[in-house]
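Heads up: the structure comes next, in structure tokens.
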Amino acid sequence: MFLEPNSGAQRNGWIEVICGSMFSGKTEELIRRLKRAQIANQNVCIFKPAKDTRYDESKVISHDANELSSTPISEAIEVYNYMDGQINVVGFDEAQFFDQGIIEVSQKLAVNGIRVIVAGLDMDFRGQPFGPIPGLLAVSEYITKVHAICPHCGSLATHSYRLSDEKETVVLGEKDKYEPRCRICFNMGNILDFTKR
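In the numbering used here, the protein residues as written are 37 to 233.
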């Protein structure tokens with residue numbers, strides 16, 4: 037378990053955050069980076085929130101059906117149970133669903149020479165900062181913001197618009213419940229009301 041900075045660690049630990057709206061390719065980019073690390077013969081460990089079972093209980097799967105095996109965990113601190121001193125790269129998918137502890141865990145891993153790659157939604161369906169992502173953005177060395185395409189106007193989509201009436205912040209779903217939208221279309225509300233404006 038890594039709890040204190042390791043003075044003997046190589047100075048190659050850092051945090052990368054891949055963020056954006058739904059359907060923007062966050063998981064696709066995470067998988068691409070992790071596969072490249074594996075090709076480079078680096079030891080990779082991948083985690084996903086146990087509550088996210090949309091595609092699979094244990095695999096990280098992108099909307100384009102690319103996948104990697106992962107370990108589902110309920111709290112970020114569980115990561116320490118899988119660190120054996122041989123891990124070079126740690127990946128987190130759907131990081132917005134993790135507890136705030138993921139920020140400290142990611143920093144401790146990085147201090148110990150591990151490359152940490154985090155993918156997650158930066159905003160919830162209300163357009164508000166989502167879970168621990170703002171904190172991860174603040175402490176990361178590298179940030180990649182990816183974009184989807186707004187199906188209504190063709191502009192870059194930065195928001196995740198919820199099509200259902202549920203009010204809870206966390207509602208798991210795919211294209212049946214969400215669509216990407218640009219800032220303007222997101223703020224206009226339901227597309228059915230566009231003609232009334």
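For every residue, glycine included, the Cβ atom is placed at its ideal position computed from N, Cα and C. What you are looking at is a predicted structure, and each value in this text was computed from that prediction instead of being measured.
When DSSP labels each residue in this structure, what does residue i get in the three-state scheme?
{"i": "Leu192", "result": "strand"}
{"i": "Phe166", "result": "coil"}
{"i": "Ala155", "result": "strand"}
{"i": "Phe134", "result": "coil"}
{"i": "Val206", "result": "coil"}
{"i": "Ala101", "result": "Reliability of the predicted coordinates at Ala101 is poor, the pLDDT of 49 falling under 50, and no value is obtained from them."}
{"i": "Ala73", "result": "helix"}
{"i": "Glu215", "result": "strand"}
{"i": "Phe38", "result": "The pLDDT assigned to Phe38 is 46, lower than 50, so where the model puts this residue is not dependable; a value taken from the coordinates is nonetheless given after this. Here Phe38 sits in coil by DSSP."}
{"i": "Lys84", "result": "strand"}
{"i": "Phe222", "result": "helix"}
Give a yes or no on whether the C-beta atoms belonging to residue i and residue j are separated by under 8 Å.
{"i": "Leu208", "j": "Cys55", "result": "no"}
{"i": "Val125", "j": "Ile153", "result": "yes"}
{"i": "Ile138", "j": "Pro168", "result": "yes"}
{"i": "Phe161", "j": "Gly127", "result": "no"}
{"i": "Gly156", "j": "Gln136", "result": "no"}
Return the residue from the list the options that minimises the CA-CA distance to residue i.
{"i": "Ser176", "options": "His183, Arg217, Ser142, Ser105", "result": "Ser142"}
{"i": "His195", "options": "Ser57, Asn48, Val53, Ile51", "result": "Ser57"}
{"i": "Thr63", "options": "Ala184, Ile113, Asp120", "result": "Ala184"}
To the nearest angstrom, how far is it from the Cα of residue i to the Cα of residue j?
{"i": "Pro170", "j": "Ile75", "result": "31 Å"}
{"i": "Val80", "j": "Lys144", "result": "17 Å"}
{"i": "Lys213", "j": "Lys71", "result": "30 Å"}
{"i": "Phe230", "j": "Gln164", "result": "Below a pLDDT of 50, predicted positions are generally treated as unreliable, and Phe230, at 46, falls in that range; no measurement from the model is reported."}
{"i": "Gly225", "j": "Phe166", "result": "20 Å"}
{"i": "Ser60", "j": "Asp129", "result": "14 Å"}
{"i": "Gly149", "j": "Ser106", "result": "21 Å"}
{"i": "Val49", "j": "Tyr118", "result": "Note on residue identity: the sequence assigns Gly, not Val, to residue 49. If I take the Cα positions, the gap works out to 17 Å."}
Any beta carbon of chain D sitting closer than 8 Å to that of residue i?
{"i": "Phe222", "result": "Here there is only one protein chain, and chain D is not present."}
Requested in this report: For the stretch 181 to 197 and the stretch 213 to 223, state whether three or more C-beta atom pairs, one from each stretch, are separated by less than 8 Å.
Outcome: Between the stretch 181 to 197 and the stretch 213 to 223 there are three or more inter-stretch CB-CB distances shorter than 8 Å, so the stretches are counted as touching.
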